[in-house]
Ligand SMILES: NC(=O)c1ccc[n+]([C@@H]2O[C@H](COP(=O)([O-])OP(=O)(O)OC[C@H]3O[C@@H](n4cnc5c(N)ncnc54)[C@H](OP(=O)(O)O)[C@@H]3O)[C@@H](O)[C@H]2O)c1
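In our numbering, the protein residues as written are 294 to 544.
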């Protein structure tokens with residue numbers, strides 16, 4: 294895709310990967326609108342020159358209002374990034390984990406569907422555009438301390454595949470960004486070996502700029518996870534990653 298002249302909405306762009314990709318699209322010449330819940334951060338981003346819209350992806354009304362406001366100001370919107378996500382540790386031996394499970398599905402999976410639904414009619418009407426969904430290496434290779442997170446991201450992967458098939462012929466492409474562990478605030482406690490955000494964003498923008506846009510944006514670091522099942526390393530890697538269960542605060 295041409296990354297230099299897009300009008301991009303990054304939902305969940307108030308921190309981490311979303312904020313960095315928003316900055317990269319803007320630096321490449323695109324117009325960028327950031328969506329998120331945090332009014333203070335949105336105000337800072339507005340001061341940097343971004344368009345902003347306040348929204349909570351778990352709330353229908355909030356997403357519809359944001360959609361209407363963004364499209365009123367940016368009728369040429371052609372790219373929607375559904376970045377919002379929560380990454381929560383869960384101890385499945387403790388039934389209290391259910392709250393985290395529900396929040397994870399509501400934000401990561403249902404929230405993605407809600408955002409995609411809100412903008413798909415506009416993109417189809419334009420006859421061209423890009424929807425970028427965000428999964429994780431964990432969608433393809435579970436990380437046992439974050440079970441519902443893995444389920445939510447595997448769900449977004451499956452949904453993205455079906456969405457791409459259903460939008461075939463409309464001019465709207467569906468691209469799945471599959472990050473490995475990236476050093477953002479969400480990762481601090483979980484993985485000290487996470488990929489630096491800057492290096493990750495550089496590789497992502499290079500891959501996004503390819504023509505045709507790849508269906509999946511796979512940086513080098515995530516390929517061992519993405520292809521573990523095909524490569525026969527799945528069982529060994531899941532066993533290795535199960536050692537991380539020690540990080541759960543169990544009695
Ligand atoms: N970092 C990694 O290692 C990694 C690896 C694989 C995949 N990912 C995925 O990449 C995405 C970004 O992660 P990150 O590491 O950059 O984490 P992050 O810094 O915590 O960013 C998450 C973003 O989602 C937003 N968000 C959360 N709940 C929301 C809601 N209900 N409505 C609207 N926005 C909401 C957050 O905004 P608020 O300020 O409103 O909370 C924030 O902007 C996530 O989908 C994550 O699962 C990350």
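Using N, Cα and C, we set each Cβ at its ideal position, and we do this for glycine too.
For residue 324, the beta-bridge partners assigned by DSSP are 300. In the three-state reduction of the DSSP assignment, residue 383 falls in the coil class.
For ligand 1, a non-hydrogen atom lies closer than 8 Å to the CB of residue 348.
Non-local beta-carbon contacts of residue 381 in its own chain, meaning distances under 6 Å to residues more than five positions away in sequence, involve 393 and 397 in chain order.
Taking residue 331 as the centre and dropping the five residues before and after it, the same chain places the C-beta of 307 closer than 7 Å to its C-beta, in chain order.
The region 486-493 makes no contact with the region 533-540: fewer than 3 CB pairs, one atom from each, lie closer than 8 Å. Of the residues assessed, residue 525 falls on the exposed side of the cut-off, its CB having fewer than 16 other CB atoms within 10 angstroms.
If you ignore the 5 residues before and after residue 348, its C-beta comes within less than 8 Å of the C-beta of 304, 328, 329, 330, 355, 356, 358 and 359, all in its own chain and listed in chain order. Residue environment: residue 540 is assigned as exposed (fewer than 16 neighbouring CB atoms within 10 Å of its CB, all protein chains considered). In this structure, residue 534 has its CB at a distance of at least 8 Å from all heavy atoms of ligand 1.
Look at the region 439-517 and you find these whole runs of beta strand (DSSP E), each 3 residues long or longer: 465-470. The three-state secondary structure of residue 427, taken from DSSP, is strand. Per DSSP, residue 344 is one residue of the beta strand (DSSP E) stretching across 344-347. In this structure, the straight-line span from the alpha carbon of residue 410 to that of residue 528 is close to 36 Å. C-alpha of residue 343 to C-alpha of residue 371: approximately 16 Å in a straight line. Measuring C-alpha to C-alpha distances from residue 345 to each of 352, 294 and 364 identifies 364 as the nearest. Linking residue 489 to residue 477 through their CA atoms gives a straight-line distance of about 8 Å. Of all alpha-carbon atoms in 474, 434, 424 and 475, the one lying nearest the alpha-carbon of residue 452 is that of 424. Closest by C-alpha distance to residue 383, out of 519, 439 and 431, is 439.
For the alpha helix (DSSP H) assignment, the uninterrupted runs of no fewer than 4 residues enclosed by the region 362-425 are, from N- to C-terminal side, 391-397 and 404-419.
In the DSSP assignment, residue 338 falls within the unbroken alpha helix (DSSP H) covering 332-340. Not one heavy atom of ligand 1 lies closer than 8 Å to the C-beta of residue 502. Taking 9 Å as the cut-off, the beta carbon of residue 472 is found closer than this to the beta carbon of residue 310.
By the criterion of a C-beta distance shorter than 7 Å, residue 378 is surrounded in its chain by 305, 400, 401 and 427, once the five residues flanking it on both sides are discounted. Close CB contacts of residue 447 within its chain, under the 8 Å cut and outside five residues either way in sequence, are with 428, 432 and 433 (chain order). The C-beta distance from residue 464 to residue 421 rounds to 4 Å, short enough to meet the 8 Å contact threshold.
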